[in-house]
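If you're matching positions, the sequence shown starts at 10 in our numbering and goes up one per residue.
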Amino acid sequence: MGMVELIMEFEKTMTEDFKSVAELFQKLRNVSNRLNRQGQETLRVHLLPSQLMIGKLLAMLPGHLCGPSVTFSQEEFTLEKIETKLKSIFSNKSKAEVQVMSKTTQRSIEIPVNYAARGMDGAKKGPMKKSGKRKTMMLSTDVEQANACFYCKGVYNDKNGIGHHFNKDCPMR
């Protein structure tokens, strides 16, 4: 198998499904070892350094889950240390389960700030009123019932020439 085929196999291994992170590391380690061995024999260089493999692997996984635990220093950025950290984060989750962990809801649910759920009694009372200042209902002045006295209900309006009157001026009072 040539170097080009091994590089293509490495890229395929990065994109295919895996049953657990440990299985993914095992496959990647096998392919990178064969690729580096063949590169050492023919070109006398490592074609796939472990740091590049770690970088490609971290780019594939959700960054907000594994990013804070990875320290980018020369001592901490080794394949063995990153492998143990990723195994502890993702344990034996498959690629589909890891991708589900990184997804959030498609559409956020909007809840008003002053929202209070209405109970069964509230549903019977009609639509919910908007909060705010109450406004007084304007009564028309030309309607006779609007100007009628509360006590006599307009009975004394025509007697003794009183006419429309307020409650305080009612003779019935």
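The beta carbon of each residue, even a glycine, is placed where N, CA and C say it ideally should be.
Problem set entry | Three-state secondary structure (DSSP) of V54 | coil
Problem set entry | Separation of S41 from V54, as counted between CA atoms | 13 angstroms
Exercise. Which of the three DSSP states, helix, strand or coil, is assigned to T80?
Worked result: coil
For this session: May I ask you to check if the CB of L15 is nearer than 6 angstroms to at least one heavy atom of the ligand FMN?
Result: This structure does not include the ligand FMN; it has no bound ligands of any sort.
For this session: Using beta-carbon positions only, say whether V30 and K96 come within less than 7 angstroms of one another.
Result: yes
For this session: Tell me where the alpha helix (DSSP H) around M62 begins and ends.
Result: 59 to 69
For this session: Quick one: residues in its chain with C-beta nearer than 8 angstroms to the C-beta of N45, no 5 flanking neighbours on either side, listed in chain order?
Result: H55, L56, L57
For this session: Throw me the rounded Cβ distance for the Q47 and M23 pair, which I believe falls under 8 angstroms.
Result: The Cβ separation is near 18 angstroms, so there is no contact.
Problem set entry | S111, enclosing alpha helix (DSSP H) - first and last residue | 104 to 111
Problem set entry | S111 versus M10: straight-line alpha-carbon distance, rounded | 36 angstroms
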